[in-house]
Amino acid sequence: MTFNNIELFPFTVAVNADDHLTVGGCDVTHLAADFGTPLYIYDDATLRGMCREFISEFTSRYPGARVAYASKAFVNPAIARIVAEEGMSLDIVSGGELAVAKAVDFPAELIYFHGNNKTPEELEFALEYGVGRIVVDSFHELAILDAIAGRLGQRQDIMLRLSPGVDPHTHAHTTTGILDSKFGFSVETGDAAKAIRQAMKATNLDLMGIHFHLGSPIFELEPYALGIEVVLNFLAQFKEEGLQLREFSPGGGFAIGYVRSELPPPIADYAEVITSNTKRFCEELGFGQPQLIVEPGRSIVGRAGVALYTVGGIKDIPTVRKYVSLDGGMGDNIRPAIYGSEYEAVLANRMSAEPAEVVTLAGKYCESGDVLIRDIELPVIQSGDLIAIPSSGAYAPSMASNYNLNARPAMVVVKDGEAELIRRRETFEDMMRTDVF
Ligand SMILES: *Cc1c(COP(=O)(O)O)cnc(C)c1O
0 MTFNNIELFP FTVAVNADDH LTVGGCDVTH LAADFGTPLY IYDDATLRGM
50 CREFISEFTS RYPGARVAYA SKAFVNPAIA RIVAEEGMSL DIVSGGELAV
100 AKAVDFPAEL IYFHGNNKTP EELEFALEYG VGRIVVDSFH ELAILDAIAG
150 RLGQRQDIML RLSPGVDPHT HAHTTTGILD SKFGFSVETG DAAKAIRQAM
200 KATNLDLMGI HFHLGSPIFE LEPYALGIEV VLNFLAQFKE EGLQLREFSP
250 GGGFAIGYVR SELPPPIADY AEVITSNTKR FCEELGFGQP QLIVEPGRSI
300 VGRAGVALYT VGGIKDIPTV RKYVSLDGGM GDNIRPAIYG SEYEAVLANR
350 MSAEPAEVVT LAGKYCESGD VLIRDIELPV IQSGDLIAIP SSGAYAPSMA
400 SNYNLNARPA MVVVKDGEAE LIRRRETFED MMRTDVF
């Protein structure tokens, strides 16, 4: 192997005799020729391997544990079908994500509907489809959901999302379980207590359990242990009021490696800390063994995805910076711009070329902040070269936009030397389809 950041790439990457990067047995230069760039390449083996690793690490330690794929990391019908085939449950946060689940007949009872401001229409759609759990996030939602269920003549199983006041030490934009958060019922303010009592009394709702989600990506194990302890200790007081904790979810947020200098703990370590603390505190507090639900998003699709770009113009500003412009950028990956996220890259069509200079990989969008990687050491690059950025599968394509009216990229799933198109590149007509002439 001729590259040193292989742990950031899908499991199946290799370099072939032509010195080209291959993923899932597919030469990326052929993929670029066949499908164009920017191209998002998902490796079937890594996607399925991550689902299997999560299911086995959690269920081996905690029988009956459920792993729900958080689809906001990226979902479309092809991905939803793969996670369904792997026996995953599904987290959704919108009617749009539910529509994708419905389009592939994702089993409704395995769906958890999250979100801090679900609309009445979205809730009604969820009840009509038979979504297993609505994870209620506010008093407003509790009231309208109870009313909608009543109107439809249904009972609905719910969980409540609590905000335990635990800081997971990640980016402020993706921290969700602290006091100053728009998500969940705060333990600290008394809202959580009030919500539990109201939910137990609701006419048409059955409170199945409690959920919390601290944020993402969480590289430390301690926040999970602390969150579980805080929430379960808090819940103990409601036992005599009749609270049965049939289900318990400490959310998702499991980290992936974007750069070699910051690699996450193994899934087994997350599984160990979550299952052991859940068991310990449930036992101590007399909650029995609730069903455990974990919700990985990023860690299922992140490493499986590689973004492939073609180099266009190169601008050298001597002693200042050399800009290498790619044919994508913030429209297909806004994470560097909004979170300051870091990535690594390889020269995919000359994998054994030696690193030679420090460059900045810029996008093609009309913003100076449209930089995918600032100051990365790469071989001497020429226009027409192919740049591959690993760990691109999560949140980049799902946050993609049509800014500057650039078309959103095509996506393929690769397996055993074959590439299957799972989303074609947008056309100009696609971008005007909703416009009224
Ligand atoms: C976003 C989200 C997740 C998944 O987070 P990842 O970092 O992608 O694992 C899980 N649960 C809830 C409620 C979320 O909002």
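Per numbering that gives the first Met the number 0, the sequence shown starts with residue 0, numbered consecutively. Cβ atoms here follow ideal geometry from the backbone N, Cα and C, with glycine treated the same way.
Short note on residue 71: C-beta closer than 7 Å to some heavy atom of ligand 1. Just so you know, the alpha carbons of residue 147 and residue 277 end up roughly 33 Å apart.
Our two residues, residue 36 and residue 339, have alpha carbons roughly 24 Å apart in a direct line. C-alpha of residue 313 to C-alpha of residue 166: approximately 42 Å in a straight line. At a cut-off of 7 Å, the beta-carbon of residue 261 does not count as near ligand 1: no heavy atom of the ligand is closer than that. Counting every other CB atom within 10 Å of its CB across the protein chains shown gives residue 71 a total of 16 or more, marking it as buried. For residue 197, the enclosing alpha helix (DSSP H) begins and ends at 190-200. Separation of the CB atoms of residue 40 and residue 305 is rounded to 5 Å, and the pair is thereby assigned contact status at 8 Å.
Per DSSP, residue 33 is not a residue of any beta strand (DSSP E); the alpha helix (DSSP H) it occupies stretches across 27-34.
Taking C-beta atoms as the reference points, residue 359 and residue 349 fail to come closer than 8 Å.
Closest by C-alpha distance to residue 318, out of 346, 330, 293, 356, is 356.
Look at residue 250: its beta carbon is less than 7 Å from one of the heavy atoms in ligand 1. Distance between residue 175 and residue 185, taken at the CA atoms: about 11 Å. DSSP, read as helix, strand or coil, puts residue 236 in helix. Cβ neighbours of residue 353 within its own chain (closer than 8 Å, five residues either side excluded): 378. Shortest gap from the CB of residue 268 to any heavy atom of ligand 1: 7 Å or more.
For residue 124, there is no enclosing beta strand (DSSP E); the enclosing alpha helix (DSSP H) has its first and last residue at 119-128. Residue pairing by DSSP places residue 42 opposite 413 in a beta bridge. Placement of the Cβ of residue 264 at a distance of 7 Å or more from every heavy atom of ligand 1 is found. It is roughly 30 Å from the alpha-carbon of residue 117 to the alpha-carbon of residue 274. Ranked by Cα distance from residue 155, the first of 205, 109, 3, 322 is 205. Pairing residue 307 with residue 27 gives a Cβ-Cβ distance under 8 Å. Contiguous alpha helix (DSSP H) elements confined to the stretch 49-126 occur at 76-84, 94-102, taking only those with 4 or more residues. The straight-line gap separating the alpha-carbon atoms of residue 253 and residue 207 is approximately 24 Å. Taking C-beta atoms as the reference points, residue 33 and residue 414 fail to come closer than 8 Å.
Distances from the CB of residue 212 to the heavy atoms of ligand 1 include at least one below 7 Å.
Within the chosen limit of 7 Å, ligand 1 does not reach the beta carbon of residue 246 with any heavy atom. Relative to the non-hydrogen atoms of ligand 1, the Cβ of residue 280 never comes closer than 7 Å to any of them. Contact fails between the stretch 287-301 and the stretch 316-336, because fewer than three Cβ pairs, one in each stretch, are under 8 Å apart.
Here residue 278 carries a helix assignment [DSSP, helix/strand/coil].
Spanning the alpha carbons of residue 126 and residue 212 requires a straight line of approximately 23 Å.
If you ignore the 5 residues before and after residue 320, its C-beta comes within less than 7 Å of the C-beta of 359, all in its own chain and listed in chain order. In this structure, residue 272 lies away from residue 382, with their beta-carbon atoms at least 8 Å apart. Taking 7 Å as the cut-off, one finds no heavy atom of ligand 1 near enough to the beta carbon of residue 304. Relative to the Cα of residue 135, the nearest Cα in the group 177, 201, 23 belongs to 201.
Across the structure, residue 195 and residue 97 are spaced so that their CA atoms are roughly 26 Å apart.
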